[in-house]
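Line by line, the protein sequences give chains U and F.
Taking the working numbering, the leading residue of the first sequence gets 1, the next gets one more, and so forth.
Taking the working numbering, the leading residue of the second sequence gets 383, the next gets one more, and so forth.
Note that beta-carbon positions come from the ideal geometry of N, C-alpha and C, so glycine has one too.
If you're wondering where the values come from, they're calculated on a predicted model, not measured in any experiment.
In what follows, a structure is listed as structure tokens, so that the remarks can point back to it.
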Amino acid sequence: MLKDKTAIVGIGQTEFSKSIDSTELNLACKAIKNALGDAGISPDQVDALGSFTYEETPEFEIARNLGFGNLTYWSQAPYGGGASCAAIGQVAMAIASGIANVGVVWRSRKRGDPSSRMWSHTDEKIFDHWKWSRPSGLVRPVDESSMLIRRYMHQYDYSRESLGAVAISLRKYANANHEALMQHKFLNLEDYMEARMISDPLCLFDNCLESDGAIAIVITNLDIAKKLQNKPAIIHAYSQGMNKEHQLMTHYHGGDPLESSSYVTASNLWNLSDYSPKEIDVAQIYDAFSPMIPFSLEAYNFCSKGEALKLINDGLINIDGELPVNTSGGSLSEVYLHGMNLVTEAVRQIRGSATSQVNNAKLALITTCDATPNAAILLKGE
Amino acid sequence: MIETIPIPGIEDFDKVYWENCSKNKLTIQHCGDCNEARFPPRHMCPICQSISHDWKEVSGDAVLWSFVIPRPPLLPVFDKQSPYVVGLVELVEYENIRIIGQIQTNSNIDSIKIGDTLTIDFKKINNEISLPYWVKK
Ligand SMILES: [Zn+2]
Numbered sequence: 001m002l003k004d005k006t007a008i009v010g011i012g013q014t015e016f017s018k019s020i021d022s023t024e025l026n027l028a029c030k031a032i033k034n035a036l037g038d039a040g041i042s043p044d045q046v047d048a049l050g051s052f053t054y055e056e057t058p059e060f061e062i063a064r065n066l067g068f069g070n071l072t073y074w075s076q077a078p079y080g081g082g083a084s085c086a087a088i089g090q091v092a093m094a095i096a097s098g099i100a101n102v103g104v105v106w107r108s109r110k111r112g113d114p115s116s117r118m119w120s121h122t123d124e125k126i127f128d129h130w131k132w133s134r135p136s137g138l139v140r141p142v143d144e145s146s147m148l149i150r151r152y153m154h155q156y157d158y159s160r161e162s163l164g165a166v167a168i169s170l171r172k173y174a175n176a177n178h179e180a181l182m183q184h185k186f187l188n189l190e191d192y193m194e195a196r197m198i199s200d201p202l203c204l205f206d207n208c209l210e211s212d213g214a215i216a217i218v219i220t221n222l223d224i225a226k227k228l229q230n231k232p233a234i235i236h237a238y239s240q241g242m243n244k245e246h247q248l249m250t251h252y253h254g255g256d257p258l259e260s261s262s263y264v265t266a267s268n269l270w271n272l273s274d275y276s277p278k279e280i281d282v283a284q285i286y287d288a289f290s291p292m293i294p295f296s297l298e299a300y301n302f303c304s305k306g307e308a309l310k311l312i313n314d315g316l317i318n319i320d321g322e323l324p325v326n327t328s329g330g331s332l333s334e335v336y337l338h339g340m341n342l343v344t345e346a347v348r349q350i351r352g353s354a355t356s357q358v359n360n361a362k363l364a365l366i367t368t369c370d371a372t373p374n375a376a377i378l379l380k381g382e
Numbered sequence: 383m384i385e386t387i388p389i390p391g392i393e394d395f396d397k398v399y400w401e402n403c404s405k406n407k408l409t410i411q412h413c414g415d416c417n418e419a420r421f422p423p424r425h426m427c428p429i430c431q432s433i434s435h436d437w438k439e440v441s442g443d444a445v446l447w448s449f450v451i452p453r454p455p456l457l458p459v460f461d462k463q464s465p466y467v468v469g470l471v472e473l474v475e476y477e478n479i480r481i482i483g484q485i486q487t488n489s490n491i492d493s494i495k496i497g498d499t500l501t502i503d504f505k506k507i508n509n510e511i512s513l514p515y516w517v518k519k
């Protein structure tokens, strides 16, 4: 069993910026060094690695730069935004099963430059499932997300004003976070309503940032974790999820396109957990696009279908709300690193060291991309 | 970035679909054994795992499930077309078969609404590929 056997004991990051004059490998090394320093663990104790299939820094380069010892486990998790919790969960399982003792999971990405957008590399001939959408001009992830939110807004009678509450709530958290790219940029409803459309009904502020940086975390078993300096963020429950008839980013052809893979992840996660949604103190919800927050809140059963945007407008996800969400500003307003900043923020909340700290946060949910096969982790304090 | 419209690569399991589109016919893949319809086309029937399949022509009549209006920056070919409407339509003959295609706007984007009833047409891209798009009834 995985439950309560491992913990995140170290977090580290580089600076976040629109453009950093450095390589992804250099950034990865710095973030991992910082995470190990934060944990108080010597690099030669690391014996497990986890990363994203989208990660371009190889394990052996990481290991020989950082001076790791002999490795006994490594794995990679697929699907970009769906990967962070899966990469962590797989390393945690390896540690819980005794294959390894100290794991590092990292993501390093130079994404600030527009030429690094994946859709801009669309081939002249498409042989994967995107052949059914891109030739018609549904080209970018934002277009694919926009299709679902327009339907949702139609079905549950919401306006653009109501959706704006998501980006505005997250921006307030970023304004309080000195690491956030949007720390000094304020956002109100008027700014939101006047913003440039990217894929109508989604505007500029519904999109994640384009940024450079790296983040790493350190995972150990609980025996090691208890001897370290930081309060451990214990991995209480973990699951992946991919639903029937799933199609990556364009899950339009199954039963209800509004019922994503998150419903599968959530159902299994709550079954594996000792806790229920109403007991969760703080959530870090993957937010490449703002609709993913209401969609995920409903999938994880924090409210019923169609209700999330109303509750967000009533203050649900704000610091004084019932479920503060993306308390560092998230991908919309802190940094976009495929959701790894959501992991480090969940750990800070458990430690009590977040810039917008939830009082006495004991249970923190982390989710990954609602539009891909995905995963989630429930962290708890002691 | 590519300057041309990205086109679907033709494979064994969808060759007939694209051939029929080129003849201005929309056809849906059915299992050769259990007769279950499926979209997008694929190698195997998810109900009975048969690899035999055939194709049935449908009217192309559809209801607009949702749509988006992409704005630049897009691929250059779509930057030039913008603003345009891409819809996800539900075929009237089947529950749960939805297809992506452009929606003809006649320069009146505001007139497009979820629930619009639509009929199909085809835009010829080259000798092998014609893309379905939908027009308001
Ligand atoms: Zn069959």
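- A buried status is given to His435 of chain F, since no fewer than 16 other beta-carbon atoms sit within 10 Å of its beta-carbon.
- For Ala233 of chain U, the enclosing beta strand (DSSP E) begins and ends at Ala233 to Gly241.
- When rounded, the separation of the alpha-carbon atoms in Cys29 of chain U and Asn65 of chain U is 7 angstroms.
- Minimum Cα-Cα distance from Val218 of chain U among the listed residues U:Leu209, U:Asp212, U:Glu210 and U:Ile235 corresponds to U:Ile235.
- Listed by position along chain F, the residues whose Cβ is nearer than 8 angstroms to that of Glu124 of chain U are Ile384, Thr386, Pro388 and Ile389.
- Under the three-state reduction of DSSP, Pro455 of chain F is assigned to coil, being neither helix nor strand.
- For Ile387 of chain F, same chain residues with a beta-carbon under 7 angstroms away, outside a window of 5 residues either side, are Val459 and Ile507 in chain order.
- If you look at Gln349 of chain U, you'll find it in the alpha helix (DSSP H) that goes Met340 to Arg351.
- The count of Cβ pairs closer than 8 angstroms, one atom from the stretch 398-410 of chain F and one from the stretch 267-278 of chain U, stays below three, leaving the stretches out of contact.
- The beta-carbon of Trp447 of chain F is placed less than 8 angstroms from the nearest beta-carbon of chain U.
- Fewer than three beta-carbon pairs drawn from the stretch 243-260 of chain U and the stretch 67-76 of chain U are found closer than 8 angstroms, and the two stretches are therefore not classed as touching.
- In this structure, Asp4 of chain U lies near Leu222 of chain U, with their beta-carbon atoms less than 8 angstroms apart.
- Secondary structure at Arg160 of chain U: helix, using DSSP grouped into helix, strand and coil.
- Contact check for Tyr152 of chain U against Leu258 of chain U passes: the beta carbons are separated by less than 8 angstroms.
- Fully contained in the stretch 110-193 of chain U is no beta strand (DSSP E) run of length 3 or more.
- With fewer than 16 other beta carbons inside 10 angstroms of its own, Met118 of chain U counts as exposed.
- Taking a cut-off of 6 angstroms from the heavy atoms of ligand 1, the residues with a C-beta inside it are F:Cys413, F:Asp415, F:Cys416, F:Glu418, F:Cys427, F:Ile429, F:Cys430 and F:Ser432.
- At least one CB of chain U lies nearer than 8 angstroms to the CB of Gln484 of chain F.
- Chain-ordered, the chain U residues with CB closer than 8 angstroms to the CB of Asn478 of chain F read His253, Gly254 and Gly255.
- No Cβ-Cβ contact shorter than 8 angstroms links Asp212 of chain U with Ile62 of chain U.
- Scanning its chain for C-beta atoms nearer than 6 angstroms, with the 5 sequence neighbours on each side dropped, one finds around Pro232 of chain U the residues Ala7, Val9 and Ala225, in chain order.
- Lys131 of chain U has a beta carbon lying within less than 8 angstroms of a beta carbon in chain F.
- Assignment of Lys518 of chain F by DSSP, reduced to helix, strand and coil, places it in the strand class.
- Within chain F, the residues whose beta carbon sits less than 7 angstroms from that of Pro135 of chain U are Ile387, Pro388, Ile389, Pro390 and Leu513, listed in sequence order.
- Scanning its chain for C-beta atoms nearer than 6 angstroms, with the 5 sequence neighbours on each side dropped, one finds around Thr367 of chain U the residues Ile285, Tyr286, Ser296 and Ala376, in chain order.
- Here Pro373 of chain U is buried, its C-beta having at least 16 other C-beta atoms within 10 Å.
- Any Cβ of chain U closer than 8 angstroms to the Cβ of Ile433 of chain F would place that residue at the interface, and such an atom is absent.
- Interface residue (Cβ-Cβ distance to chain U less than 8 angstroms): Leu473 of chain F is not classified as such.
- At least one CB atom of chain F sits nearer than 8 angstroms to the CB of Ser120 of chain U.
- Annotation note: the stretch 39-111 of chain U contains the following uninterrupted alpha helix (DSSP H) runs of length 4 or greater, listed N- to C-terminal: 59-66 and 84-96.
- Rounded to the nearest whole angstrom, the C-alpha separation of Leu49 of chain U and Ile389 of chain F is 39 angstroms.
- The C-beta distance from Asn101 of chain U to Thr220 of chain U rounds to 6 angstroms, short enough to fall under 8 angstroms.
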